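Data first, discussion second: the structure below is written as structure tokens.
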Amino acid sequence: QELGLIRYGLGYQGYVAQKRLQFGASVRLYQEQERRRQELERSARRLSLRATSYERLSTDSTARRKARKIARVASSQRVRVERELTGLGEPRPPARPRLLVKPAPEIHGTVITVSNCRIGFSGAASLIKSLTLRLRAGRRYGLVGPNGCGKSTFLDLLMGSIAPVSGQVERAPELGIVLLRQTPLVDDPRQHLVDRVRSMASVSIEEAGAVAGMALMRECATTRVGQLSVGELRRIDLATTFAAGAGLLLLDEPS
Numbered sequence: 001q002e003l004g005l006i007r008y009g010l011g012y013q014g015y016v017a018q019k020r021l022q023f024g025a026s027v028r029l030y031q032e033q034e035r036r037r038q039e040l041e042r043s044a045r046r047l048s049l050r051a052t053s054y055e056r057l058s059t060d061s062t063a064r065r066k067a068r069k070i071a072r073v074a075s076s077q078r079v080r081v082e083r084e085l086t087g088l089g090e091p092r093p094p095a096r097p098r099l100l101v102k103p104a105p106e107i108h109g110t111v112i113t114v115s116n117c118r119i120g121f122s123g124a125a126s127l128i129k130s131l132t133l134r135l136r137a138g139r140r141y142g143l144v145g146p147n148g149c150g151k152s153t154f155l156d157l158l159m160g161s162i163a164p165v166s167g168q169v170e171r172a173p174e175l176g177i178v179l180l181r182q183t184p185l186v187d188d189p190r191q192h193l194v195d196r197v198r199s200m201a202s203v204s205i206e207e208a209g210a211v212a213g214m215a216l217m218r219e220c221a222t223t224r225v226g227q228l229s230v231g232e233l234r235r236i237d238l239a240t241t242f243a244a245g246a247g248l249l250l251l252d253e254p255s
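Under full-length UniProt numbering, the first residue of the sequence shown carries the number 1, and numbering increases by one thereafter.
What follows is the structure in structure tokens.
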């Protein structure tokens, strides 16, 4: 019951439009809270001065009794105003998430060399035979092929998640690699988003919160993985890949 999904019409554009409306509503709420707080503060000061002045300026006994009565009323009003002021609390302006991407380590030349690799499973037909290639820094490569031909498996090979049946894969020293999978993996739907981001990138709790907030355009410190759609999780993971500052990004079905 703690988990749930929100449906947004008109695809991602509808999602963005709705988030902008929500942000605007948050701004207006903050402005109204701030206006009310300032109004209450002025009222409290005015009533306090009124009570003091009546007691100080009264001369005869009748006037003093009347002044004390007015002072008590003013003091009572001031107490109510201060109580409301205390309950209102300090309004917080809505935060527009910002993401500062750390520059990736500067790498030149060849980042990965695949030499005569065979990819597959023991005792089964090979998905890829005798693969040899080099990936150079600063380039973009596209891998095209029908479903089931081994594209995702090849990315796992580059990532180091699997080893080739034969052959060799060499990676540049200290090369950071991040893989954005076609379907986000969810081991625990109750995991907090901040923890998910930190499991994929070496960032602080504050930075992880900024990454998640930037991707979803809202504060999500207490949001859990199971509360998000596949598209929202993919945006989280994509933002995390950039925040990781990796030297090589592997995108499975990036469209």
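By construction, the Cβ of each residue, glycine as well, lies at the ideal position given by its N, Cα and C atoms.
Please read these numbers as outputs of a predicted model, since none were measured by experiment.
With a 10 Å radius around the Cβ and a threshold of 16 neighbouring Cβ atoms, Leu193 comes out buried. Here the segment 112 to 131 lies against the segment 163 to 173, with 3 or more beta-carbon pairs under 8 Å apart. The alpha-carbon of Arg198 is positioned some 34 Å away from that of Leu131. Between the alpha carbons of Gly213 and Ser229 lies a distance of about 15 Å. Sequence-distant Cβ neighbours of Thr110 in its own chain, meaning closer than 8 Å and more than five residues away, are Arg134, Leu135, Arg136, Ala137 and Ala172.
Here Asp237 is buried: its Cβ has 16 or more other Cβ atoms, across all protein chains shown, within 10 Å. Ranked by how close their Cα comes to the Cα of Leu127, the residues Arg37, Gln33 and Leu155 have Leu155 in first place.
For Arg68 and Glu32, the gap between their C-alpha atoms comes out near 35 Å. Shown here, Val178 sits in a strand according to DSSP, grouped into three states. Looking only at Thr241, Pro189 and Lys129, the smallest Cα-Cα distance to Pro164 is reached by Lys129. Taking a C-beta distance under 8 Å as the contact criterion, Val186 and Val225 qualify as a contact pair. Burial is judged here by how many other beta carbons sit within 10 angstroms of a residue's own beta carbon; Arg235 has at least 16 and is buried. Within its own chain, no residue has a Cβ closer than 7 Å to the Cβ of Pro146 once the five positions on either side in sequence are excluded. For Ser152, the enclosing alpha helix (DSSP H) starts and ends at Lys151 to Met159. Collapsing the DSSP output to three states places Val111 in a strand.
Leu175 places its beta carbon 8 Å or farther from that of Asp252. In the displayed model, Ser229 falls within coil according to three-state DSSP, outside both helix and strand.
Just so you know, the alpha carbons of Leu233 and Gln182 end up roughly 11 Å apart. Annotated three-state conformation of Ser166 is strand, per DSSP. Burial of Thr241 is indicated by the presence of at least 16 other C-beta atoms within 10 angstroms of its C-beta. Within the same chain, Cβ atoms closer than 8 Å to the Cβ of Ile112 are found at Arg134, Leu135, Leu158, Val169, Glu170, Arg171, Ala172, Leu175 and Leu248, the five residues on either side in sequence being excluded.
Look at Leu185 here: in three-state DSSP terms it is coil, with no helix or strand label.
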